[in-house]
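Taking it in order: structure first as structure tokens, then the write-up.
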Amino acid sequence: MQQCVVLLNLLAVLSIHMCDAQGDQGDCIPVGKYCAASLTKTCCPPNECQMTSPRSGTCVKSCYQLKAQCQKNEECCSKLCIDGKCGDASECIALGQSCTASMEKKFCPPYECQMSTLRSGTCVHNCLKMSSPCKTNEECCSNRCFYGKCLDKKTFGEK
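Numbered by mature numbering (1 follows the signal peptide of the UniProt record, and there is no 0), the letters in the sequence shown go through residues -21 to -1, 1 to 138 in order.
Have a look at this one:
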């Protein structure tokens, strides 16, 4: 009987330790931590619980839906953050399409209309050249922003 009590106490201590190891960010569970449908806490927004079995899962990064506020393209399911809101590719002029400066559709970053005549042009990738100051990979022609400067792909051993 005494062994059962000791075993129950040991299980209780292990359960408390596991709960503490989950990490505590207030009322939500952070990315990479255990989650389950039966828990009162949920994954921190906009993340979601990706079930790995019928009863449990792991909090994974999710994405913002159309028209949700955003700061970066990566935050949006559409991968387009336009003027601070998640946009749809149908709202954009695609790379290589004809354009005019007065078109209603927007040029999705980092594209712009390069005018070939006074009235029309082509949607082009407006990118930063090597050694230009940058914040994201997308800004650079090489798609490599490293410590605030655009670097050539050769620097990374790429062709």
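C-beta atoms are modelled at their ideal positions from N, C-alpha and C, and glycine is treated no differently.
query	result
Integer Cβ distance of K46 from C65, believed to fall under 8 Å	6 Å
For K20, the nearest candidate out of T31, C28, C7 and N26 (CA to CA)	C7
Residue of K51, S17 and G11 minimising C-alpha distance to Y43	K51
Outcome for L97 when other beta-carbon atoms lying within 10 angstroms are tallied against a minimum of 16	exposed
Beta-carbon proximity list for C120, same chain, < 8 Å, skipping 5 on both sides	H104, C106, L107, K108, M109 and C129
Which of helix, strand or coil DSSP assigns to S77	strand
Simplified DSSP assignment, three categories, for K132	helix
Candidates S99, E70, S57 and Q29: closest to G11 by CA position	Q29
C-alpha gap between C38 and S17, whole angstroms	14 Å
Rounded straight-line distance, which links the Cα of C23 to that of K133	39 Å
Test item: CB-CB of T79 and C92 under 8 Å	yes
Exposed unless 16 or more other CB atoms sit within 10 angstroms - verdict on Y126	exposed
Whole-number beta carbon distance between C56 and G36, since they are thought to touch under 8 Å	At roughly 20 Å, the Cβ-Cβ gap does not stay under 8 Å, so G36 and C56 are not in contact.
Alpha-carbon to alpha-carbon, L74 and K58	15 Å
Rounded separation between N116 and E54 - CA only	15 Å
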